[in-house]
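Let me begin by presenting the structure, written as structure tokens, before commenting on it.
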Amino acid sequence: MQFADLGAQFRAYENELRGEMDKVFASSAYINGPAVGELEEQLADFCGASHAIACASGTDALLLGLMAKDVQPGDEILVPAFTFIATASMVSFYRAVPIFVDVDPVTFNMNPDCLEAKITSRTKGIIPVSLYGQCPDMTRINAVAKKHGLWVMEDAAQSFGSTSPAGKSCAMSEMATTSFFPAKPLGGFGDGGAIFTSDDVLAQRLRVLRNHGQIKRYHHAEIGINGRMDTLQAAVLKVKLAHFAEEIDLRNQAAARYDALLEGVAERPVLAEGYSSTWAQYTVRVSRRDEVREQLAKAGIPSAVHYPVPLARQEAFASLNQDGGYPVSDDLSSRVLSLPMHAFITAEEQETVVQALKDALA
Ligand SMILES: Cc1ncc(COP(=O)(O)O)c(C=O)c1O
Numbered sequence: 036m037q038f039a040d041l042g043a044q045f046r047a048y049e050n051e052l053r054g055e056m057d058k059v060f061a062s063s064a065y066i067n068g069p070a071v072g073e074l075e076e077q078l079a080d081f082c083g084a085s086h087a088i089a090c091a092s093g094t095d096a097l098l099l100g101l102m103a104k105d106v107q108p109g110d111e112i113l114v115p116a117f118t119f120i121a122t123a124s125m126v127s128f129y130r131a132v133p134i135f136v137d138v139d140p141v142t143f144n145m146n147p148d149c150l151e152a153k154i155t156s157r158t159k160g161i162i163p164v165s166l167y168g169q170c171p172d173m174t175r176i177n178a179v180a181k182k183h184g185l186w187v188m189e190d191a192a193q194s195f196g197s198t199s200p201a202g203k204s205c206a207m208s209e210m211a212t213t214s215f216f217p218a219k220p221l222g223g224f225g226d227g228g229a230i231f232t233s234d235d236v237l238a239q240r241l242r243v244l245r246n247h248g249q250i251k252r253y254h255h256a257e258i259g260i261n262g263r264m265d266t267l268q269a270a271v272l273k274v275k276l277a278h279f280a281e282e283i284d285l286r287n288q289a290a291a292r293y294d295a296l297l298e299g300v301a302e303r304p305v306l307a308e309g310y311s312s313t314w315a316q317y318t319v320r321v322s323r324r325d326e327v328r329e330q331l332a333k334a335g336i337p338s339a340v341h342y343p344v345p346l347a348r349q350e351a352f353a354s355l356n357q358d359g360g361y362p363v364s365d366d367l368s369s370r371v372l373s374l375p376m377h378a379f380i381t382a383e384e385q386e387t388v389v390q391a392l393k394d395a396l397a
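Take 36 as the starting number for the sequence shown in the numbering used here and just add one per residue.
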């Protein structure tokens with residue numbers, strides 16, 4: 036059994052994928068080929084942002100966002116304590132300071148109640164994460180940001196395609212970033228990402244920053260990076276995006292099946308009212324997690340832990356001295372367990388997973 040069956044997905048769209056890749060081979064336009072612009076338009080349409088700027092990874096998308104907001108050394112940026120490291124590491128990489136905020140015990144997302152206590156005169160922005168595919172309460176986060184004059188950039192690496200009462204993921208705040216890492220709900224054949232905004236000026240700046248700060252060939256207005264997406268990745272993503280709405284439905288059917296099978300077995304994920312998810316992960320909470328994982332592995336069931344260490348406790352952030360005061364993140368990191376989840380998982384496979392989990396928990 037596969038945790039995310041990329042092979043099944045490839046087989047389902049193989050002819051289309053090969054056709055689009057062949058077009059790139061025939062054109063030799065490997066950098067900035069037409070597929071990149073086409074994908075950008077389709078991504079923007081899908082989520083309702085005015086602009087999508089394709090880039091080399093979700094990590095580069097975060098970095099580009101920080102560059103476009105002119106983040107300065109020492110600026111403080113609020114990030115959840117429980118997420119993948121890139122959300123906070125790009126802040127540190129850019130010589131600013133990530134300030135960790137604990138998460139909500141039900142949705143696992145940045146807790147708006149914990150935000151204001153962390154705001155100082157140095158705070159410049161907030162990067163909420165839409166973890167496992169569910170958006171945080173962006174209405175409240177945006178309101179806190181507005182009150183304190185902060186920018187908001189949603190890290191939607193796991194949630195492109197999700198919806199919330201504040202709108203669609205990637206179109207709920209001034210900027211948003213996503214990742215097309217292969218195992219993401221919308222994943223490429225390698226690294227890729229995008230940054231979204233409905234601000235025309237910001238979009239133009241992001242495009243320049245993504246390509247060495249270049250405004251005209253070999254004329255550079257500012258310092259940028261090579262954060263471009265390869266044409267081949269764009270061609271692959273165009274094919275997968277055409278099937279994405281259907282895959283989101285299938286993922287939701289799989290999540291509903293898990294919900295039914297796991298009643299009374301483990302603590303199941305909860306979608307807040309009015310929210311939909313792309314189920315980047317289907318994550319339960321169990322006790323004796325590491326032992327349970329071992330037993331699942333023996334039964335041939337792959338599982339994963341997103342994430343075993345809250346960011347504030349990562350060695351890489353030790354110098355920040357912020358390693359206390361995140362009770363929810365601490366609890367989650369010791370108990371979360373992600374189960375196999377993808378659009379092609381069968382009901383039988385899910386039954387096998389749940390039976391193995393029951394056995395491991397007995
Ligand atoms: C929440 C979050 N942010 C950022 C990233 C970074 O994306 P990428 O791997 O495309 O650089 C990821 C990818 O795993 C992620 O899950």
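The beta carbon of each residue, even a glycine, is placed where N, CA and C say it ideally should be.
Opposing strand residues paired with residue i [DSSP bridges]
{"i": "P133", "result": "I112"}
{"i": "H255", "result": "Q249"}
{"i": "A320", "result": "According to the sequence shown, residue 320 is Arg rather than Ala. According to DSSP, R320 bridges with E302, V371."}
{"i": "C90", "result": "G228"}
{"i": "K203", "result": "T198"}
{"i": "V164", "result": "D190"}
{"i": "A339", "result": "S373"}
{"i": "I66", "result": "D265"}
{"i": "V138", "result": "M145"}
{"i": "S311", "result": "T198"}
Selected residue, minimal CA-CA separation from residue i, among the options
{"i": "S364", "options": "R320, N50, I162, R252", "result": "R320"}
{"i": "L78", "options": "E384, A269, S338", "result": "A269"}
{"i": "K333", "options": "M173, L241, P133, D394", "result": "D394"}
{"i": "R324", "options": "E384, G196, E350, R370", "result": "R370"}
{"i": "H247", "options": "D190, S208, G259, L367", "result": "G259"}
{"i": "L101", "options": "A116, F45, K159", "result": "K159"}
{"i": "N261", "options": "R245, H254, K251", "result": "R245"}
{"i": "P343", "options": "A61, A116, D40", "result": "A116"}
{"i": "L99", "options": "Q239, E302, L367", "result": "Q239"}
{"i": "P217", "options": "L296, S208, G228", "result": "G228"}
{"i": "P362", "options": "S354, L374, E350, L346", "result": "L346"}
{"i": "Q193", "options": "Q390, V59, Y317, E151", "result": "Y317"}
{"i": "V126", "options": "I112, T118, L331", "result": "I112"}
{"i": "A103", "options": "R130, A39, K203, R242", "result": "R242"}
{"i": "G360", "options": "D110, A152, F60", "result": "A152"}
{"i": "G225", "options": "A64, P375, V59, A91", "result": "A91"}
{"i": "R175", "options": "F195, P147, L185", "result": "P147"}
N-terminal and C-terminal residue of the beta strand (DSSP E) that residue i is part of
{"i": "S127", "result": "First-last for S127: 121-128, but that is the alpha helix (DSSP H), not the beta strand (DSSP E)."}
{"i": "H377", "result": "H377 -> no beta strand (DSSP E), and no H or E assigned at all."}
{"i": "S214", "result": "210-214"}
{"i": "E75", "result": "Where E75 is concerned, there is no enclosing beta strand (DSSP E), although the alpha helix (DSSP H) it sits in stretches over 69-82."}
{"i": "D190", "result": "186-190"}
{"i": "G160", "result": "158-161"}
Within 9 Å, strictly: CB atoms of residue i and residue j
{"i": "F164", "j": "N177", "result": "According to the sequence displayed, residue 164 carries Val and not Phe. No, these two residues do not count as a Cβ contact at 9 Å."}
{"i": "D210", "j": "D234", "result": "Asp is not the amino acid found at residue 210; the sequence shown has Met there. In contact: M210 and D234 (Cβ atoms closer than 9 Å)."}
{"i": "I283", "j": "P337", "result": "no"}
{"i": "L97", "j": "V138", "result": "no"}
{"i": "V114", "j": "F135", "result": "yes"}
{"i": "A47", "j": "F379", "result": "yes"}
{"i": "E189", "j": "T212", "result": "yes"}
{"i": "F231", "j": "A180", "result": "no"}
{"i": "P171", "j": "L367", "result": "no"}
{"i": "S199", "j": "G83", "result": "no"}
{"i": "Q264", "j": "A89", "result": "Strictly speaking, residue 264 in this sequence is Met, with Gln absent from that position. Yes, the pair counts as a contact, with Cβ atoms nearer than the cut-off."}
{"i": "V327", "j": "E55", "result": "no"}
{"i": "T94", "j": "A121", "result": "yes"}
{"i": "A277", "j": "E51", "result": "yes"}
{"i": "V388", "j": "L331", "result": "yes"}
{"i": "S311", "j": "N287", "result": "yes"}
{"i": "A295", "j": "C205", "result": "no"}
Residue i: CB within 8 Å of a non-hydrogen atom of ligand 2
{"i": "K219", "result": "No copy of ligand 2 occurs in the structure displayed; its ligands are ligand 1 alone."}
Residue burial classification, residue i (beta-carbon count within 10 angstroms, cutoff 16)
{"i": "V305", "result": "exposed"}
{"i": "E49", "result": "exposed"}
{"i": "D105", "result": "exposed"}
{"i": "S373", "result": "buried"}
{"i": "F128", "result": "exposed"}
{"i": "H377", "result": "buried"}
{"i": "Y293", "result": "buried"}
{"i": "P108", "result": "exposed"}
{"i": "I66", "result": "exposed"}
{"i": "T313", "result": "buried"}
{"i": "A301", "result": "buried"}
{"i": "A201", "result": "buried"}
{"i": "G222", "result": "buried"}
{"i": "D57", "result": "exposed"}
Bounding residues of the alpha helix (DSSP H) (the contiguous stretch that carries residue i)
{"i": "A269", "result": "266-277"}
{"i": "I176", "result": "173-183"}
{"i": "M56", "result": "41-62"}
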